[in-house]
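**Q** Before I ask anything, let me first share the structure, which is written out below as structure tokens.
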Amino acid sequence: MSGEHFAELAKQTGVPAAGDIVITAIGTIGNAHIVREEDRFYFKDASVLWMKRTSDICSEFTSLWLKSALFFDQLDRGNGATVDRLTLQRLQSMKICIPSVSMQQEIVTALSAVRDETERLESLYQQKLTALDNLKKSLLQQAFSGQL
């Protein structure tokens with residue numbers, strides 16, 4: 008899309024800005040993306056919902072909530088089955104506890120630290136599995152070649 012066409016669309020209907028959140032609303036529901044300064048895109052259909060950034064809610068906090076079991080439990084509640092569509096009305100009807108911005112930032116920081124540590128441990132675990140697999144192959148090679 009040309010810069011001129013993008014500017015015209017932005018003028019007519021608006022486009023997501025840095026800090027806004029876009030969410031998949033059909034199929035795989037709830038995949039959230041926090042719009043970055045360098046992101047430049049436009050969408051026109053209901054397969055994506057757009058949450059504009061506000062000063063009293065941290066985008067990262069909202070994104071974490073959108074990935075939480077609490078969000079999906081509310082989404083599925085009363086339907087007896089997994090919902091395959093998220094409407095704006097359904098999203099607006101959901102309940103979320105919103106602490107102060109400073110507490111939201113503390114929660115985001117704490118959960119980010121847990122995520123980072125989990126990723127570090129997962130990487131370490133994979134390295135150990137690889138080392139064990141290599142050791143097994145080496146021992147089998149030595150056993151079959153009569154070196155043990």
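Heads up: the sequence shown begins at 8 in my numbering, then just goes up one per residue.
The beta carbon of each residue, even a glycine, is placed where N, CA and C say it ideally should be.
(1) Less than 8 Å separating the beta-carbons of GLU67 and VAL22?
(2) Which whole runs of the alpha helix (DSSP H) in the region 21–60 are 4 residues long or more, in chain order?
(3) Between ILE105 and ILE64, which are expected to be in contact by the criterion C-beta below 8 Å, what is the C-beta distance as a whole number of angstroms?
(4) Mapping DSSP to helix, strand and coil, what is ILE103?
(5) Straight-line CA distance for LEU82 to ARG47?
(6) Just to confirm the assignment, what range does the alpha helix (DSSP H) spanning GLN148 have?
(7) Go ahead and label THR94 buried or exposed: buried means 16 or more other beta carbons lie within 10 angstroms of its beta carbon, across all protein chains shown.
(8) Taking the straight line between their C-alpha atoms, what separation do you get for LEU184 and SER70?
(9) Quick check on ARG97: does DSSP put it in helix, strand or coil?
(10) Taking its Cβ as the centre, do 16 or more other Cβ atoms sit within 10 Å of PHE78, making it buried, or is it exposed?
(11) Express the C-alpha separation of VAL108 and LEU118 in angstroms, rounding to a whole number.
(12) Considering just the uninterrupted stretch of the alpha helix (DSSP H) at PRO80, what are its terminal residues?
(13) Please return the same chain residues whose Cβ sits closer than 8 Å to the Cβ of GLU44, not counting the five positions on each side in sequence.
**A** Well, looking at it:
(1) In terms of Cβ geometry, GLU67 and VAL22 do not form a close pair [threshold 8 Å].
(2) Fully enclosed alpha helix (DSSP H) runs of 4 or longer: not present.
(3) Right, the Cβ-Cβ distance comes to about 6 Å (below 8 Å), so this counts as a contact.
(4) DSSP places ILE103 outside both helix and strand once states are collapsed to three, so it counts as coil.
(5) Rounded to the nearest angstrom, the two C-alpha atoms are 29 Å apart.
(6) It spans 108–151 - the alpha helix (DSSP H) in which GLN148 sits, taken as one unbroken run.
(7) Classification of THR94: exposed, given that the 10 Å Cβ count is below 16.
(8) For the chain, the structure presents residues 8 to 155; residue 184 sits outside this window and is missing.
(9) It is helical.
(10) Burial call: buried.
(11) Going by the C-alpha atoms only, they are around 15 Å apart.
(12) Sequence inspection shows Asp at residue 80; the Pro mentioned does not correspond to that position. 76–83 is the span of the alpha helix (DSSP H), which, as asked, contains ASP80.
(13) Cβ neighbours of GLU44 beyond the five flanking positions: ALA25.
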